[in-house]
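Worksheet: the structure to be examined is printed underneath.
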Amino acid sequence: MNNILVFPMVIPIIAGVSLLFFRSYPSIQRWSSFISLLVVFFISIGSLEAIRRNGIMRLDFGGWAPPYGITFVGDSFAMLLVSTASLVSALCVLYAAFAGDKKREGAFQYPFMLLLVAGVNGAFLTGDLFNLFVCFEIMLLASYGLMTLGGEKKQLTEGIKYVLINILSSWFFLLGIAYIYGTLGTLNLAQLSQRIAEAGQPPMLTTISILFLVVFSLKAGLVLYFWLPGSYSVLPTAISALFAALLTKVGVYALIRTFTLLFYHEPGITHTIIGWMALITLVGGSIGVIAFVDIRKVAAYNVVVAIGFILVGLAANNEIGIQGSIYYLVHDIVIKALIFLLIGTIIYLTGIYRLDRMSGLITNYPLLGWIFLLAALSLGGVPPFSGFVGKLMVGQGSITAGQYFLAFAAFASSLFVLYSVIRIFLNMFWGQPMVGKLKQVHLPFGMMVPLIFLAVITTALGFGMNALTPYVADASNVLMNPEIYIEGALENE
Numbered sequence: 159m160n161n162i163l164v165f166p167m168v169i170p171i172i173a174g175v176s177l178l179f180f181r182s183y184p185s186i187q188r189w190s191s192f193i194s195l196l197v198v199f200f201i202s203i204g205s206l207e208a209i210r211r212n213g214i215m216r217l218d219f220g221g222w223a224p225p226y227g228i229t230f231v232g233d234s235f236a237m238l239l240v241s242t243a244s245l246v247s248a249l250c251v252l253y254a255a256f257a258g259d260k261k262r263e264g265a266f267q268y269p270f271m272l273l274l275v276a277g278v279n280g281a282f283l284t285g286d287l288f289n290l291f292v293c294f295e296i297m298l299l300a301s302y303g304l305m306t307l308g309g310e311k312k313q314l315t316e317g318i319k320y321v322l323i324n325i326l327s328s329w330f331f332l333l334g335i336a337y338i339y340g341t342l343g344t345l346n347l348a349q350l351s352q353r354i355a356e357a358g359q360p361p362m363l364t365t366i367s368i369l370f371l372v373v374f375s376l377k378a379g380l381v382l383y384f385w386l387p388g389s390y391s392v393l394p395t396a397i398s399a400l401f402a403a404l405l406t407k408v409g410v411y412a413l414i415r416t417f418t419l420l421f422y423h424e425p426g427i428t429h430t431i432i433g434w435m436a437l438i439t440l441v442g443g444s445i446g447v448i449a450f451v452d453i454r455k456v457a458a459y460n461v462v463v464a465i466g467f468i469l470v471g472l473a474a475n476n477e478i479g480i481q482g483s484i485y486y487l488v489h490d491i492v493i494k495a496l497i498f499l500l501i502g503t504i505i506y507l508t509g510i511y512r513l514d515r516m517s518g519l520i521t522n523y524p525l526l527g528w529i530f531l532l533a534a535l536s537l538g539g540v541p542p543f544s545g546f547v548g549k550l551m552v553g554q555g556s557i558t559a560g561q562y563f564l565a566f567a568a569f570a571s572s573l574f575v576l577y578s579v580i581r582i583f584l585n586m587f588w589g590q591p592m593v594g595k596l597k598q599v600h601l602p603f604g605m606m607v608p609l610i611f612l613a614v615i616t617t618a619l620g621f622g623m624n625a626l627t628p629y630v631a632d633a634s635n636v637l638m639n640p641e642i643y644i645e646g647a648l649e650n651e
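The opening position of the sequence shown corresponds to residue 159 in our numbering, with each subsequent residue numbered one higher.
What follows is the structure in structure tokens.
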């Protein structure tokens, strides 16, 4: 049964490599990619339920037991993210299939997308730091290809910056791995947790933890987000949605995992620093969402705000805060994919990316307009949509921890986010139509299907939160009690 843990990474890799031989058959590439990711989604949903019922799953590659071999560990936190990431990736692939960008499809767009998902899922499931690094690199190599796919000048300009930043962060990651291995003699996460607990996290280990904090902050866009808005705003629609939904979330996952499992002994230092970094990110992102009229930049800065918000829950370092972070993380994967697909669709229909140069779109595209409004309300955390639940929990966690100013900043940032997306809706969808019915661009229904599904999912996450609560509670229980993870990763057979 535990062998099933390898499928979320192996299936996309096998599918991606196989599709290299079908470059001239775009239909095969489109539907094989979509079906592969759907299969991964259903496998991960089944695994998630099995984990909730039976406990943490572990897979030792080649029969080598930890800490000597490569290990995948599936707990509810990891599998929740694998399930969500796989479903959202499938819908992004579906959008790309109906958008029909033949130039990029002929340049291996779908194999790159599958390889990226494989790296993301591997990062969520790996049980040691070195293979976390390997999965990061798989994800990043695929993202480099997707970033420059098409060879447009603006992509190459932003791509150089994106590649350099990630090379730098990868170097620091390797440096951190070398230091921690030299200090503790292992890279297995569960065994690291044991040895750090035995040592009591002395100053040397606290310094190493800050190095990892810098590395994962670069990956997540926490404070060090200067590369993100420009990079995300030059990408094709489906790829930008995939990036916004997944890439920064892997950095967030790594931060949550390492600072609940490994470096949790000196919260007065580590979690206080995380809190200040989250605050700076919230402020910077909030300024960004209202400062620009380019809707691509507005969407990109919304990614930044969300990262800060999620990590407010980690800084609180209590169960309700962690639950809020998990719930909001799942919500944000879905809603960011939806927002970026909507923004890209608006630009596809109008050729305009300034919110002050278009109006009345809802007259010509009513379904698109109402989906955008629903997404805006969910993104802003308006009850009873999915954004509200996570924000409420994160706020409760901050208040319980006595971090009142951080809670205030988090809720204030929600108002800025809501204002930014409602401003787009009122400017671009409301008002006098600027394009007559006869001149409007045809919107294929196939491009609307992923938008409809994502809108339904984000609505269901809000109205049906009770269905998700047992999995979120189980995930937070493991995060707040490292001994549960250690037992599952080292002693379970």
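Glycine residues also receive a C-beta, built at the ideal position from the N, C-alpha and C atoms. Quantities reported herein were computed from a predicted structural model and do not represent experimental measurements.
| task | Compute the Euclidean distance between the alpha carbons of Thr284 and Leu290, then round it to the nearest angstrom. | result | Stepping through the sequence shown from its first residue, residue 284 is reached at position 126. Stepping through the sequence shown from its first residue, residue 290 is reached at position 132. If I take the Cα positions, the gap works out to 6 Å.
| task | Kindly indicate which residue of Val392, Gly426, Ile427, Lys377 has the alpha-carbon position closest to the one of Leu413. | result | The residue given as residue 413 occupies position 255 in the sequence shown. If we check each option's Cα against that of Leu413, Lys377 comes out closest.
| field | Nearest-angstrom Cβ-Cβ length linking Leu629 and Leu206, presumed shorter than 8 Å | value | Reading the sequence shown from its first residue, position 471 is the one you call residue 629. Reading the sequence shown from its first residue, position 48 is the one you call residue 206. One point to set straight first is that residue 629 is Tyr, not Leu, in the sequence displayed. Rounded, the Cβ-Cβ distance is 6 Å, consistent with contact.
| message | Let's see if you can read the secondary structure: which residues bound the beta strand (DSSP E) around Val231? | response | The residue labelled residue 231 in the question sits at position 73 within the sequence shown. Where Val231 is concerned, the enclosing beta strand (DSSP E) stretches over 229-232.
| query | For the alpha helix (DSSP H) that contains Leu274, what are its first and last residues? | reply | Locating residue 274 in the sequence shown gives position 116, counting from the first residue. Segment 267-283, the alpha helix (DSSP H) holding Leu274.
| query | Which residues bound the alpha helix (DSSP H) around Leu400? | reply | Indexing the sequence shown from 1 puts residue 400 at position 242. 395-419 is the extent of the alpha helix (DSSP H) around Leu400.
| field | Nearest candidate by alpha-carbon position, reference Asp452, set Leu526, Arg216, Arg515, Thr395 | value | For the purposes of this step, residue 452 is identified with residue 294 of the sequence shown, where counting begins at 1. Among Leu526, Arg216, Arg515, Thr395, the Cα nearest to that of Asp452 belongs to Arg515.
| Which word fits Ala613, buried or exposed, when buried means at least 16 other C-beta atoms lie within 10 angstroms of its C-beta? | Taking the sequence shown and counting its residues from 1, one reaches residue 613 at position 455. It counts as buried.
| query | Do the CB positions of Leu535 and Leu601 come within less than 8 Å of each other? | reply | Mapped onto the sequence shown, residue 535 falls at position 377. Mapped onto the sequence shown, residue 601 falls at position 443. It is not a contact, given that the beta carbons lie outside the stated cut-off.
| Between Val408 and Glu263, what straight-line distance do the alpha-carbon atoms span, to the nearest angstrom? | Numbered from 1 along the sequence shown, position 250 holds the residue referred to as residue 408. Numbered from 1 along the sequence shown, position 105 holds the residue referred to as residue 263. Taking the straight line joining both Cα atoms gives about 26 Å.
| task | Determine the closest residue to Gly604 out of Gly258, Leu363, Phe331, with distance taken between C-alpha atoms. | result | Residue numbering aside, residue 604 sits at position 446 when the sequence shown is read from its first letter. The residue with the shortest Cα to Cα distance from Gly604 is Gly258.
| said: Quick check: the segment 472-480 against the segment 533-549, are at least 3 beta-carbon pairs closer than 8 Å? | reply: no
| query | Rounded to the nearest angstrom, how far is the Cβ of Phe230 from that of Leu217, given a contact under 8 Å? | reply | The residue given as residue 230 occupies position 72 in the sequence shown. The residue given as residue 217 occupies position 59 in the sequence shown. With a Cβ gap of about 4 Å, Phe230 and Leu217 count as contacting.
| request: Would you kindly work out how many angstroms separate the C-alpha atoms of Val275 and Gln590, rounded to a whole number? | output: One-based indexing of the sequence shown puts residue 275 at position 117. One-based indexing of the sequence shown puts residue 590 at position 432. Using only the alpha carbons, I get a separation of about 42 Å.
| field | Inter-residue Cα distance where the pair is Gln313 and Gly560 | value | Within the sequence shown, the letter at position 155 stands for residue 313. Within the sequence shown, the letter at position 402 stands for residue 560. Taking the straight line from one Cα to the other gives about 44 Å.
| field | alpha helix (DSSP H) segment containing Asp632, residue limits | value | Reading the sequence shown from its first residue, position 474 is the one you call residue 632. First-last of the alpha helix (DSSP H) with Asp632: 623-638.
| request: Along the beta strand (DSSP E) that carries Met215, what are the first and last residues, could you check? | output: Along the sequence shown, read from residue 1 onward, the residue named residue 215 stands at position 57. Residues 215-218.
| query | Can you tell me whether DSSP reads Ile432 as helix, strand or coil? | reply | As a working mapping, residue 432 is identified with position 274 in the sequence shown. In this structure, Ile432 counts as helix in the three-state DSSP scheme.
| request: Please name the residue, chosen from Phe266, Ile214, Phe199, that lies closest to Asp233 on a Cα-to-Cα basis. | output: Working through the sequence shown from its first residue, we reach residue 233 at position 75. Of the listed residues, the one whose Cα sits closest to Asp233 is Ile214.
| query | Quick one: what does DSSP say Leu160 is sitting in, helix, strand or coil? | reply | In the sequence shown, counting from the first residue as 1, residue 160 sits at position 2. Checking the sequence shown, residue 160 turns out to be Asn, not Leu. Looking at Asn160 - three-state DSSP - the assignment turns out to be helix.
| said: Less than 8 Å between C-beta atoms, sequence neighbours within five positions excluded: which residues of the same chain meet that for Asn635? | reply: Position 477 of the sequence shown, counting from 1, holds the residue named residue 635. The residues are Glu477, Ile642.
| request: Can you give me the Cβ contacts of Ser391 inside the same chain, cut-off strictly under 6 Å, excluding the 5 residues immediately before and after it? | output: If you number the sequence shown from 1, residue 391 lands on position 233. Contacts found: Arg454, Lys455, Ala458.
| query | Does the pairing of the segment 311-329 with the segment 356-368 give three or more beta-carbon distances under 8 Å? | reply | no
| message | So if DSSP puts Arg512 in a beta bridge, which residue, or which two residues, is it bridged to? | response | On the sequence shown, residue 512 is found 354 positions in, with the first residue counted as 1. Answer is Asp452.
| Alpha-carbon spacing of Ile325 relative to Met297, whole angstroms | Mapped onto the sequence shown, residue 325 falls at position 167. Mapped onto the sequence shown, residue 297 falls at position 139. C-alpha separation (whole angstroms): 13 Å.
| message | Taking its Cβ as the centre, do 16 or more other Cβ atoms sit within 10 Å of Ile335, making it buried, or is it exposed? | response | Position 177 of the sequence shown, counted from the first residue, corresponds to residue 335. Per the 10 Å Cβ criterion, buried.
| task | With DSSP collapsed to three states, give me the class of Asp286. | result | Counted from its first residue, the sequence shown places residue 286 at position 128. The answer is strand: DSSP assigns Asp286 an E or B state.
| field | Gln267 burial status per 10 Å Cβ neighbour count (16 or more: buried) | value | What you label residue 267 is simply residue 109 of the sequence shown in a count that begins at 1. Buried, because 16 or more other Cβ atoms sit within 10 Å of the Cβ of Gln267.
| request: Below 6 Å CB to CB, which residues in the same chain sit around Gly482 once its five sequence neighbours on both sides are set aside? | output: Locating residue 482 in the sequence shown gives position 324, counting from the first residue. The residues are Gly471, Gly548, Met551, Val552, Gly555.
| query | Alpha carbon to alpha carbon, how far is Thr521 from Gly502? | reply | Residue 521 sits at position 363 when you count from the first residue of the sequence shown. Residue 502 sits at position 344 when you count from the first residue of the sequence shown. Taking the straight line from one Cα to the other gives about 19 Å.
| Neighbourhood of Ala565 by C-beta, 6 Å cutoff - its chain only, sequence neighbours within 5 removed | In the sequence shown, residue 565 corresponds to position 407, counting from 1. Hits under 6 Å: Gly553, Ser556, Ile557.
| query | alpha helix (DSSP H) containing Ser375: first to last residue? | reply | For the purposes of this step, residue 375 is taken as the residue at position 217 of the sequence shown. Counting along the chain, the alpha helix (DSSP H) containing Ser375 begins and ends at 361-378.
| request: For Asn585, name the three-state secondary structure that DSSP assigns. | output: Within the sequence shown, the letter at position 427 stands for residue 585. The answer is helix: DSSP assigns Asn585 an H, G or I state.
| Do three or more CB pairs link the segment 481-501 to the segment 234-254 at distances below 8 Å? | yes
| task | Run the CB neighbour count on Ser185, radius 10 Å, all protein chains shown included, and call it buried at 16 or more, exposed below. | result | Within the sequence shown, the letter at position 27 stands for residue 185. With fewer than 16 Cβ atoms within 10 Å of its Cβ, Ser185 is classed as exposed.
| Do three or more CB pairs link the segment 168-176 to the segment 574-592 at distances below 8 Å? | no
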